[in-house]
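Each residue of the sequence shown is one higher than the last, beginning at 16 in this note's numbering.
Virtual Cβ for every residue (Gly too), placed ideally from N, Cα, C.
Below is one structure, written out as structure tokens; the observations come after it.
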Amino acid sequence: MQEQDYDASVLFGIANFYHRVGFATCFPEHGVAIDTREAERVQTSLRGFGRYEWENQQRTASVVRPRGWHGFPMGSGFGVPADTSDR
Numbered sequence: 016m017q018e019q020d021y022d023a024s025v026l027f028g029i030a031n032f033y034h035r036v037g038f039a040t041c042f043p044e045h046g047v048a049i050d051t052r053e054a055e056r057v058q059t060s061l062r063g064f065g066r067y068e069w070e071n072q073q074r075t076a077s078v079v080r081p082r083g084w085h086g087f088p089m090g091s092g093f094g095v096p097a098d099t100s101d102r
């Protein structure tokens with residue numbers, strides 16, 4: 016991987032195994048909370064996304080998603096359920 020100038024190598028599959036061969040867990044769990052009333056007041060515009068896509072098209076691991084993309088499914092494949100409760 017070093018000879019091919021890879022920035023990262025990512026493995027999925029066997030929980031609590033890969034650290035034995037030098038890999039480290041690198042998927043932090045993040046959380047964001049916003050009041051529903053605040054979210055309702057936001058006005059969206061797609062104007063800024065063109066610049067984002069242009070800036071990120073050559074970056075390693077960046078994703079330029081199609082217009083029809085509607086987000087990730089709830090939950091995860093890592094055994095961490097989605098928290099949809101009110102806070």
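Helix, strand or coil for residue i, going by three-state DSSP, please let me know.
{"i": "F64", "result": "helix"}
{"i": "N31", "result": "coil"}
{"i": "R82", "result": "coil"}
{"i": "A76", "result": "coil"}
{"i": "A48", "result": "coil"}
In angstroms with no decimal places, state the Cα-to-Cα distance between residue i and residue j.
{"i": "F64", "j": "E55", "result": "21 Å"}
{"i": "M16", "j": "A76", "result": "16 Å"}
{"i": "D50", "j": "V57", "result": "12 Å"}
With a Cβ-Cβ cutoff of 8 Å, do residue i and residue j count as a contact?
{"i": "Q72", "j": "V79", "result": "yes"}
Tell me which same chain residues have a C-beta within less than 8 Å of the C-beta of residue i, skipping the five on either side of it?
{"i": "H34", "result": "T40"}
{"i": "S24", "result": "M16, F38"}
Taking Cβ positions only, does residue i come closer than 8 Å to chain D?
{"i": "E70", "result": "Annotation note: the requested chain D is absent from the structure, which comprises a single protein chain."}
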